[in-house]
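Adding 1322 to a residue's 1-based position in the sequence shown gives its number in our numbering.
Shown next, in structure tokens, is the structure this report addresses.
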Amino acid sequence: YEKDRSTDGYTASQFLEMALDQDSETIAAATLPLDELAKLSQGHAHCALAKSLLNGTNFESPDEASGLVHLKKAAEEFEYPEACYLLAQAYQSGSYDLDIDVEEAKRCYRLGAKAATTDGLLSNSYVSFCLTGIASIHYEADEHAEALHWYDESARLTNDLDSWYMLGMAYLDDTGYLSKCVTTKDPAKAEAYLLHAASAGHGQAQLSLGDYYVHTANKIADGVQWITAAAEQGAWGANAKLDDLREKGLC
């Protein structure tokens, strides 16, 4: 198979070699043990080839059957987070002629999420996607405690700022996506979550924290500062909030 197939002008084996070389250079600074680095590199190579086959190239039409073979190999044998996420998504949507299977999707997400405990991978966004993928499955099944747990894992293990923000809003009031997962609101915990995300530059967290300070916590100066920061990076609704505060003489 690898001897004959061409991908963007290269044979599949050449494509795999390039992916391995590129991935080794990219991840070398992660100080992973050599066996973990080799596993990750091979997972990257199979995932890259799978995406090319599944999507097609300028030279070839999509080959979903072959692409799925490489995607499953990257996910199930090498536990490569991106492949785990893509395969889980395929099971959820029934893509590539797979039967819709939520339990298989959850299993794939869990494989990808395992990398959250591997040194050097905490910044991998696909690890976060896998953690929040598990959370979303529980949320849609009205398993709110489990959903909350996995969003918390995403926040703490991968520092996913969206997760920090969503958790903060859940503990603050009844307007957030996760609000029904929290029956007892906790403003102090909400503030801590929002402050973490806002301090790292999450615009909506900055806006929500500023609004909380102005209208609930009576920390008007701090609130104006955070709303201004949100407006400076274009957070939706921030400029309108500032205009309202100016009309009231609060800034």
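Positions of the beta carbon are idealized from the N, C-alpha and C atoms, including for glycine.
Note that the coordinates shown come from a computational prediction; the quantities given were computed from them, not determined experimentally.
Through-space distance from residue j to residue i, alpha-carbon basis
i               : j               : result
alanine 1370    : histidine 1518  : 34 Å
leucine 1500    : lysine 1511     : 14 Å
lysine 1395     : serine 1458     : 25 Å
tyrosine 1461   : alanine 1412    : 19 Å
lysine 1373     : leucine 1489    : 33 Å
histidine 1537  : glutamate 1404  : 41 Å
asparagine 1446 : valine 1546     : 33 Å
serine 1476     : asparagine 1377 : 29 Å
arginine 1432   : arginine 1568   : 48 Å
glutamate 1425  : tyrosine 1407   : 14 Å
serine 1346     : leucine 1362    : Because the pLDDT of serine 1346 is 43, which lies under 50, any placement of that residue in the model is unreliable, and the number read from its coordinates should be weighed accordingly. Using only the alpha carbons, I get a separation of about 9 Å.
alanine 1592    : arginine 1429   : As shown, the chain starts at 1323 and ends at 1573. That puts residue 1592 outside it, with no answer to give.
aspartate 1484  : methionine 1491 : 11 Å
aspartate 1474  : tryptophan 1486 : 8 Å
isoleucine 1456 : leucine 1572    : 43 Å
aspartate 1508  : glycine 1434    : 31 Å
alanine 1352    : glutamine 1414  : Caution applies to alanine 1352, whose pLDDT of 47 falls short of 50 and renders its modelled position unreliable; the model cannot decide the point.
lysine 1541     : histidine 1392  : 55 Å
lysine 1563     : alanine 1527    : 14 Å
aspartate 1423  : asparagine 1561 : 44 Å
threonine 1550  : serine 1417     : 44 Å
threonine 1506  : aspartate 1496  : 10 Å
glutamate 1382  : alanine 1427    : 29 Å
glutamate 1398  : alanine 1467    : 28 Å
glutamate 1465  : tryptophan 1472 : 11 Å
glycine 1523    : alanine 1367    : 33 Å
lysine 1502     : proline 1384    : 42 Å
glycine 1498    : alanine 1469    : 14 Å
threonine 1379  : tyrosine 1448   : 24 Å
alanine 1463    : lysine 1570     : 44 Å
Whole-number beta carbon distance between residue j and residue i, since they are thought to touch under 8 Å
i              : j               : result
tyrosine 1493  : valine 1504     : 6 Å
alanine 1520   : tryptophan 1548 : 6 Å
glycine 1556   : glycine 1525    : 7 Å
alanine 1401   : alanine 1437    : The amino acid at residue 1401 is misidentified as alanine; the sequence shows glutamate. With 8 Å as the limit, glutamate 1401 and alanine 1437 qualify as a contact, their Cβ atoms being about 7 Å apart.
threonine 1375 : glycine 1389    : The sequence shown places leucine at residue 1375, rather than the threonine named in the question. With 8 Å as the limit, leucine 1375 and glycine 1389 qualify as a contact, their Cβ atoms being about 3 Å apart.
tyrosine 1534  : glutamate 1554  : Between glutamate 1554 and tyrosine 1534 the Cβ distance is about 19 Å, and since that is not below 8 Å, they are no contact.
alanine 1453   : leucine 1479    : Checking the sequence shown, residue 1453 turns out to be leucine, not alanine. Indeed, because the Cβ distance is near 7 Å, the residues count as touching under 8 Å.
serine 1450    : aspartate 1482  : 4 Å
Report task. Could I get the ranges of all uninterrupted alpha helix (DSSP H) runs contained in the stretch 1448-1508, with 4 residues as the minimum, in chain order? Result -> Here the runs fully enclosed are 1466-1480, 1483-1494.
Query raised in the report: Can you list, in chain order, the stretches of the alpha helix (DSSP H) that have 4 or more residues and sit fully within the stretch 1382-1429?
Result: As far as the stretch 1382-1429 is concerned, its whole alpha helix (DSSP H) runs of at least 4 residues are 1386-1394, 1403-1415.
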